[in-house]
Structure formats: structure tokens, C-alpha cells
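Report on one structure; see the data block that follows.
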Amino acid sequence: MSNRVIEVVDYDLSWNNIYETEKSALIKAIGSSVVKIDHIGSTSVIGLAAKPIIDILIEVSNLEELDTAHKKISALGYTIKGENGISGRRYFQKGGNQRSHHVHAFQSGDLHLHRHRVFKKYLIAHPVIASEYGSIKKEAISKSDNNINVYMALKNDFIQKHEKLALEWFSN
Numbered sequence: 462m463s464n465r466v467i468e469v470v471d472y473d474l475s476w477n478n479i480y481e482t483e484k485s486a487l488i489k490a491i492g493s494s495v496v497k498i499d500h501i502g503s504t505s506v507i508g509l510a511a512k513p514i515i516d517i518l519i520e521v522s523n524l525e526e527l528d529t530a531h532k533k534i535s536a537l538g539y540t541i542k543g544e545n546g547i548s549g550r551r552y553f554q555k556g557g558n559q560r561s562h563h564v565h566a567f568q569s570g571d572l573h574l575h576r577h578r579v580f581k582k583y584l585i586a587h588p589v590i591a592s593e594y595g596s597i598k599k600e601a602i603s604k605s606d607n608n609i610n611v612y613m614a615l616k617n618d619f620i621q622k623h624e625k626l627a628l629e630w631f632s633n
């Protein structure tokens with residue numbers, strides 16, 4: 462198995478089309494428990510540099526129902542990762558070591574759904590902050606030596622600060 466190479470690239474217009482294609486496949490695989498599917502993360506913000514991995518947020522009416530769709534989700538090429546460190550989440554990765562997609566699924570009412578959606582809206586509404594975030598990510602990549610934990614740690618202060626500001630901004 463080769464080591465994972467992490468990179469941050471300039472915004473790619475194809476990311477939304479890739480998301481739309483995957484959204485259709487996921488709706489078919491998961492079925493009636495899907496309430497809403499959103500393109501989230503940096504690839505969903507036009508103009509923002511990002512790791513070229515499509516992040517997808519799925520709101521479901523019932524996590525147990527979602528869990529019964531694991532075979533169909535696996536058939537789309539996803540690895541089932543369970544909660545993967547976040548209680549109440551179902552997490553799926555596609556693309557093996559060079560990931561192409563991350564899926565985060567939560568049951569309706571979970572606060573993580575709101576947090577992800579608001580952060581995206583905040584970055585879109587504040588292009589200067591989004592640009593700063595892109596610069597921080599590029600700098601983090603240059604300092605992380607392909608270590609995803611170092612990369613995440615270098616972005617963490619920005620994310621913590623701006624998620625809080627995003628929630629305050631949205632509630633006003």
C-alpha cells in the first residue's frame with residue numbers, strides 16, 4: 462500500500478458535477494431514509510482551495526435504516542467507518558488511500574448537520590475569510606509532510622474560531 466499523498470489545489474469547477482453524480486448514486490443506495498443531501502467542505506465553496514475530496518453531508522430520518530444500506534453503499538466503492546470519532550455520525554470514505562469522497566451522515570436534529578451547513582454559508586458570505594482559509598490550508602500542506610494529523614492541527618485554530626463566529630453570524 463502506498464502512502465497517502467495529501468494536497469491542496471485551487472478550486473475546480475468539476476467538483477460540483479462530481480458531487481451531483483455521487484448524490485444521485487447515494488440516494489438510490491440509501492433510499493427513503495434520506496431527508497437531505499448537501500455538498501459541504503471546501504470543495505463546495507466556489508473559489509476556495511481544497512483537498513480534492515468531495516465532502517457530502519447526509520441527513521437521514523433513521524440511522525438504523527441507514528445502517529441496513531451498508532452493502533449498497535459499499536457497492537458504490539465506500540469503506541464503512543462507523544462513527545469514526547463523532548458520536549451519532551456514520552462516516553464513509555471512497556477512493557482508498559487517495560480519497561475521492563467523504564460522507565458524513567447524521568440523523569435529523571443532530572447539531573452537526575447545522576454546524577456543517579452554517580460554516581459553508583459563512584465562508585460563501587465572507588470571501589475574504591474563505592481566501593484566508595485557503596491560504597492557511599496551503600501553508601499547512603507545505604508544513605505537514607503528508608501527515609494528515611499535522612495538517613488538521615495546523616488548521617484547527619482557524620476552524621474553531623470561525624465555526625463559532627459562523628454560528629453567531631447565522632443566529633443573527
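For my numbering, count along the sequence shown from 1 and bump the result up by 461.
No residue lacks a Cβ here, since even glycine has one placed at the ideal position from N, Cα and C.
heavy atom of the ligand PLP below 7 Å from residue i C-beta
i    : result
E544 : You won't find the ligand PLP in this model; it holds no ligand whatsoever.
Residues near residue i in its chain [Cβ-Cβ closer than 7 Å; skip 5 each side]
i    : result
M462 : Bear in mind that the predicted position of M462 carries a pLDDT of just 44, short of 50, making it unreliable; the figure below should be weighed with that in mind. Taken in chain order, the residues that qualify are N558.
S596 : none
Cut-off 8 Å between Cβ atoms - residues of its own chain near residue i, not counting five sequence neighbours on either side
i    : result
N523 : S494 and Q568
G543 : R551 and Y552
Beta-carbon spacing of residue i, residue j below 8 Å
i    : j    : result
I514 : T504 : yes
I602 : R465 : no
A591 : V506 : yes
F631 : K582 : yes
Terminal residues of the alpha helix (DSSP H) in which residue i lies
i    : result
I507 : Neither: I507 is in no alpha helix (DSSP H) and is coded neither H nor E.
E544 : E544 -> no alpha helix (DSSP H), and no H or E assigned at all.
I441 : Given that the chain is displayed from residue 462 to residue 633, the structure contains no residue 441 and the question cannot be resolved.
Bounding residues of the beta strand (DSSP E) (the contiguous stretch that carries residue i)
i    : result
R551 : R550 to K555
V564 : H562 to Q568
Close Cβ partners of residue i (< 6 Å) along its chain, the five nearest in sequence each way excluded
i    : result
F580 : E624 and A627
Beta bridge counterpart(s) of residue i as assigned by DSSP
i    : result
K497 : E520
Closest Cα partner of residue i within the set the options
i    : options                   : result
L487 : Y539, G546, N477 and G502 : Y539
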